[in-house]
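Asks: Pasting a structure below so you can have a look.
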Amino acid sequence: MFPAQPPFPRASTPLSPGIWWITVRAVLTYDYRGVSASRLTGKSRKPIRFKDWAMLDFPAALRQLQSVEPGHETVSIGQSFGGQALGISGQSAAFTRYGMVAAMSGALRLLNDRWAWPRMNLVGVPVSYFTKNMPKWVGGEPIPGTVFRDWARWCRMENYFFDDPHLNARELVAAVRTPIFAIGLDDDPWGTRAAVQHFLDYHVNAPIGQRWYSRKMAGNQPIGHLGYFRSRFAETLWPEMTGWLLDGKMPDQAEGSTKG
């Protein structure tokens, strides 16, 4: 998170190059509980649920930033769940504008990964009952087993967490009026165009601009779901998001909406 003079929340950890690059602008970056330096230990007692990352961790990080820079406008970028968290955190009004990278609906029917269902449900879910932290070989970054099971359950739903009767996601996301610049990546098997659009369509009151990047636009380098913040993309993929966050400039090439 960062005051605009900038929060840049992101689900990750030791400063990635993509976050380090903007730290000179007073960024707050943090780990969700159970991830990286905040991984669960034997002393961890209370289970962490996936929704806690949005409803507890996200607001706590925002409060910390506001305590350091009270009164500043705040902007933020969220990758994957970091984008989903804007609405379900209930904190969207705190942000002047928001950037999303690979933020999508995780409904399995929308993905370009035919092995996702068996990998998550026949391997990942059973493994999650035997370990506090999911092993990396299951796929993606290691996360708490309880979070993984929530994620798998949401992904099995027709409309992802929007169908969870205990989350109230439809109403929370519909309340977002913060301007959004959303980036999609053509080689992302999770953030497909269908999955990204499905997620953004629930933001019925927010002005949204979309931009899609291909490998060709990234110097013929693979990007994938987690690759946007790699330093090799500093000159190719980062400038438009930087302009949006720091100056509020929506790229001319963005596919826009006029909501809000």
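Going left to right, the sequence shown walks through residues 1156 to 1415 as the working numbering numbers them. For glycine and all other residues, C-beta sits at the position ideal for the given N, C-alpha and C.
CB-CB under 8 Å to residue 1404, same chain, minus the five flanking residues each way: which ones, in chain order?
Replies: If you number the sequence shown from 1, residue 1404 lands on position 249. Answer for residue 1404: 1398, listed in chain order.
Asks: Looking only at its chain, what residues have a beta carbon closer than 6 Å to the beta carbon of residue 1334, apart from the 5 residues adjacent to it on each side?
Replies: Translated into positions along the sequence shown, residue 1334 becomes position 179. 1252 and 1362, listed in sequence order.
Asks: Alpha carbon to alpha carbon, how far is residue 1395 from residue 1235?
Replies: Reading the sequence shown from its first residue, position 240 is the one you call residue 1395. Reading the sequence shown from its first residue, position 80 is the one you call residue 1235. Taking the straight line from one Cα to the other gives about 18 Å.
Asks: Assuming residue 1368 and residue 1401 are in contact, meaning their beta carbons sit under 8 Å apart, how far apart are those beta carbons, in whole angstroms?
Replies: If you number the sequence shown from 1, residue 1368 lands on position 213. If you number the sequence shown from 1, residue 1401 lands on position 246. 19 Å between Cβ atoms; not a contact.
Asks: For the segment 1284-1292 and the segment 1256-1267, state whether three or more C-beta atom pairs, one from each stretch, are separated by less than 8 Å.
Replies: The segment 1284-1292 vs the segment 1256-1267: no contact.
Asks: Determine which residues share a DSSP beta bridge with residue 1365 and list them.
Replies: Residue 1365 sits at position 210 when you count from the first residue of the sequence shown. Bridge partners of residue 1365: 1337 and 1410.
Asks: Would you say the segment 1340-1350 touches the segment 1297-1307, given that touching needs at least three Cβ pairs under 8 Å?
Replies: Cβ pair count under 8 Å is below three, so no.
Asks: Could you check whether residue 1241 and residue 1233 sit closer than 8 Å to each other, using their CB atoms as the reference points?
Replies: As a working note, residue 1233 is residue 78 in the sequence shown. As a working note, residue 1241 is residue 86 in the sequence shown. Yes, the Cβ-Cβ distance between residue 1233 and residue 1241 is below 8 Å.
Asks: Starting from the N-terminal side, write out each stretch of the alpha helix (DSSP H) that is 4 residues or longer and does not extend beyond the segment 1198-1271.
Replies: Here the runs fully enclosed are 1213-1223 and 1236-1243.
Asks: Let me confirm a value: residue 1215 is counted as buried when at least 16 other C-beta atoms fall within 10 Å, else exposed. Which label applies?
Replies: Counting from one through the sequence shown, the residue named residue 1215 turns up at place 60. Flag for residue 1215 reads exposed.
Asks: Taking residue 1254 as the reference, which of 1355, 1372, 1359 and 1270 has the closest Cα?
Replies: Residue 1254 sits at position 99 when you count from the first residue of the sequence shown. When each option's Cα is compared against that of residue 1254, the closest is 1355.
Asks: Spatial neighbours of residue 1364 within its chain, please: C-beta separation below 6 Å, excluding the five flanking residues on both sides.
Replies: Locating residue 1364 in the sequence shown gives position 209, counting from the first residue. 1336, 1405, 1409 and 1411, listed in sequence order.
Asks: Are the beta-carbon atoms belonging to residue 1139 and residue 1244 less than 8 Å from one another?
Replies: Lying outside 1156 to 1415, the shown extent of the chain, residue 1139 is not represented and no answer is given.
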